């Protein structure tokens with residue numbers, strides 16, 4: 001299993017008064033990587049069509065993040081997406097954020113998070129099974145059991 | 149004419165890598181003051197009902213801001229709202245942002261902007277006259293001609 | 297033990313494409329309540345002086361949130377702050393977010409989170425004991441053991 | 445003269461309650477394109493080193509934007525950067541934002557803005573001439589006189 005990876009430069013405005021990336025932005029980075037997964041594998045309108053045309057949504061039920069080392073302006077965030085659990089009526093994603101290697105510094109772990117999404121029929125606001133095409137999109141990202 | 153004033157503390161996350169409020173946030177401050185004008189004068193659901201129930205929208209046609217002095221974390225932004233032009237099918241707002249006085253510093257000008265909004269029937273996406281109740285909400289905020 | 301409460305209107309820009317508050321914003325709401333705790337109890341420059349003058353920082357080590365019901369534009373978020381653990385070299389905060397009661401709806405739970413902060417001497421980047429005045433600020437917010 | 449172009453997908457969180465990109469985000473898009481200009485032409489740490497090592501800053505003095513057509517989630521913003529005035533102690537940038545062409549829609553203008561930056565010696569907080577290497581970076585982006 002190789003994770004999907006999205007590289008996102010830390011932006012001038014991601015920084016807070018302490019001079020590091022504002023911690024809620026890491027959850028935003030998670031979401032950017034999720035959006036890019038759809039763009040890269042299906043197309044730029046794939047995710048919006050799932051939501052607006054097919055009326056399938058992924059509301060977040062639980063999100064958690066452990067912070068290891070801060071990111072700063074000038075760094076690039078590398079966000080790895082994998083899937084811990086894919087089945088029934090929810091999906092659990094794992095996101096690992098790294099500071100990318102550059103001329104000055106080696107690659108280094110920055111944060112690790114988990115996000116549990118429900119799968120919802122937006123027309124009726126009820127839970128629904130994970131659609132087949134979402135399973136197809138994500139199946140190679142499922143981590144083997146007991147991996148850490 | 150006395151402007152409407154909204155005080156908003158500069159937030160930890162409003163700061164950019166240069167240690168001052170990220171300049172696009174000033175347009176967000178303008179919008180916060182606009183939202184608070186509705187909340188304070190009509191009620192917490194006044195603006196959302198205008199949009200969602202009555203289907204009247206105010207898309208921004210032109211926005212401009214002159215920046216005089218930066219704001220920093222610990223400062224409070226005082227945002228004054230007045231109206232330069234109220235009539236026909238558009239409204240022109242003026243926003244003046246000040247750093248609030250505190251124990252350490254006197255009140256000082258930070259930025260001044262103008263925002264031109266169209267008035268739009270959202271059901272048909274066509275321009276419409278400013279509704280009577282919007283005129284009533286804003287009429288005491290209209291600046292006399294030639295004021296600066 | 298009564299928690300500290302900060303009320304923050306959901307902003308026009310807090311909404312995402314799904315029409316509800318973007319989930320990473322909840323962690324931002326947590327931070328707003330934390331900032332307001334300092335403002336309300338000590339003063340508008342209390343937190344910035346702790347950081348910049350006294351060089352004491354609170355980097356987040358772990359953050360988690362369970363989402364119960366979404367918030368929408370027009371709602372007001374009521375954010376309750378309490379302390380689960382205050383001691384040694386870290387502080388664990390609990391944040392409970394509610395949709396405020398209004399004419400149309402009763403108060404309702406929206407989300408619950410926990411944020412673990414280290415306490416750090418920013419001049420030397422090493423962990424340090426929780427300063428006395430921070431203990432004093434927070435001690436009435438400490439939840440009794442076994443509370444849920 | 446060919447402008448520098450940066451393509452940025454509209455993000456799930458760029459959307460406001462009206463279902464379109466929140467207008468202050470356009471000024472953020474301008475800044476993203478400015479950051480990418482440095483990254484693409486010099487390197488990922490070029491802009492941060494100018495600020496932090498060389499202590500040269502570009503505070504915004506005046507920003508303006510005309511909005512032609514909204515952007516929505518699923519669209520990609522193409523942001524063109526050119527220079528209207530490069531000389532003395534300030535730089536005036538022009539930013540043109542387009543909705544990128546895709547299978548469903550042709551390319552279309554969305555917004556046009558101008559941003560005037562001062563050039564400042566951050567160590568002494570005084571205006572300074574545009575550094576030579578900044579002139580070199582930007583000189584091919586200068587629009588011929590009278591262009592619109």
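Chains as they are written, first to last, in the working numbering: chain A, 1 to 148; chain B, 149 to 296; chain C, 297 to 444; chain D, 445 to 592.
Ideal Cβ placement from N, Cα and C applies to all residues, glycine included.
Quick caveat: nothing in here was measured; it's all calculated off a predicted structure.
Go ahead and label residue i buried or exposed: buried means 16 or more other beta carbons lie within 10 angstroms of its beta carbon, across all protein chains shown.
i	result
residue 226 (chain B)	buried
residue 458 (chain D)	buried
residue 184 (chain B)	buried
residue 33 (chain A)	buried
residue 544 (chain D)	buried
residue 193 (chain B)	buried
residue 166 (chain B)	buried
residue 261 (chain B)	buried
residue 540 (chain D)	buried
residue 202 (chain B)	exposed
residue 140 (chain A)	exposed
Can the beta-carbon of residue i be found closer than 7 Å to that of residue j?
i	j	result
residue 65 (chain A)	residue 123 (chain A)	no
residue 3 (chain A)	residue 76 (chain A)	no
residue 412 (chain C)	residue 358 (chain C)	yes
residue 537 (chain D)	residue 172 (chain B)	no
residue 579 (chain D)	residue 503 (chain D)	no
residue 492 (chain D)	residue 73 (chain A)	yes
residue 290 (chain B)	residue 231 (chain B)	yes
residue 495 (chain D)	residue 501 (chain D)	yes
residue 85 (chain A)	residue 127 (chain A)	no
residue 108 (chain A)	residue 69 (chain A)	yes
residue 285 (chain B)	residue 187 (chain B)	no
residue 317 (chain C)	residue 367 (chain C)	yes
residue 456 (chain D)	residue 312 (chain C)	yes
In chain D, which residues lie less than 8 Å from residue i when you measure between Cβ atoms?
i	result
residue 312 (chain C)	456, 457, 459
residue 35 (chain A)	453, 455, 456
Report the neighbours of residue i on chain C: residues whose CB is nearer than 7 Å to its CB, in chain order.
i	result
residue 173 (chain B)	Those within 7 Å of residue 173 (chain B) in chain C number zero; the least Cβ separation is about 11 Å.
residue 28 (chain A)	320
residue 270 (chain B)	The premise fails here: residue 270 (chain B) is roughly 15 Å from chain C at the closest Cβ pair, so nothing lies under 7 Å.
Name the two residues that bound the continuous beta strand (DSSP E) containing residue i.
i	result
residue 95 (chain A)	90-99
residue 363 (chain C)	356-363
At a CB-CB cut-off below 9 Å, which residues of chain B make contact with residue i?
i	result
residue 506 (chain D)	212, 213, 214, 215
Per DSSP, what kind of secondary structure is residue i in: helix, strand or coil?
i	result
residue 160 (chain B)	coil
residue 7 (chain A)	strand
residue 345 (chain C)	helix
residue 182 (chain B)	helix
residue 86 (chain A)	strand
residue 428 (chain C)	helix
residue 470 (chain D)	helix
residue 405 (chain C)	strand
residue 314 (chain C)	coil
residue 102 (chain A)	coil
residue 336 (chain C)	helix
residue 498 (chain D)	coil
Name, please, each residue of chain C whose Cβ falls closer than 8 Å to the Cβ of residue i.
i	result
residue 466 (chain D)	308, 309
residue 51 (chain A)	313, 314
residue 187 (chain B)	305
Could you name the residues of chain A that residue i contacts, counting a contact when the two beta carbons are closer than 8 Å?
i	result
residue 221 (chain B)	17
residue 498 (chain D)	Residues of chain A passing the Cβ test: none, with the nearest at roughly 13 Å.
residue 476 (chain D)	11
Name the chain B residues whose beta carbon is nearer than 7 Å to that of residue i?
i	result
residue 372 (chain C)	192
Strictly below 9 Å CB to CB, what residues from chain C border residue i?
i	result
residue 57 (chain A)	314
residue 245 (chain B)	Per Cβ cutoff of 9 Å: no residues; residue 245 (chain B) is ~16 Å from chain C at best.
Run through chain D and tell me which residues come within less than 7 Å of residue i, C-beta to C-beta.
i	result
residue 48 (chain A)	517, 518
Starting from the beta carbon of residue i, find every residue of chain D whose beta carbon is closer than 9 Å, and list them in chain order.
i	result
residue 102 (chain A)	487, 488, 489
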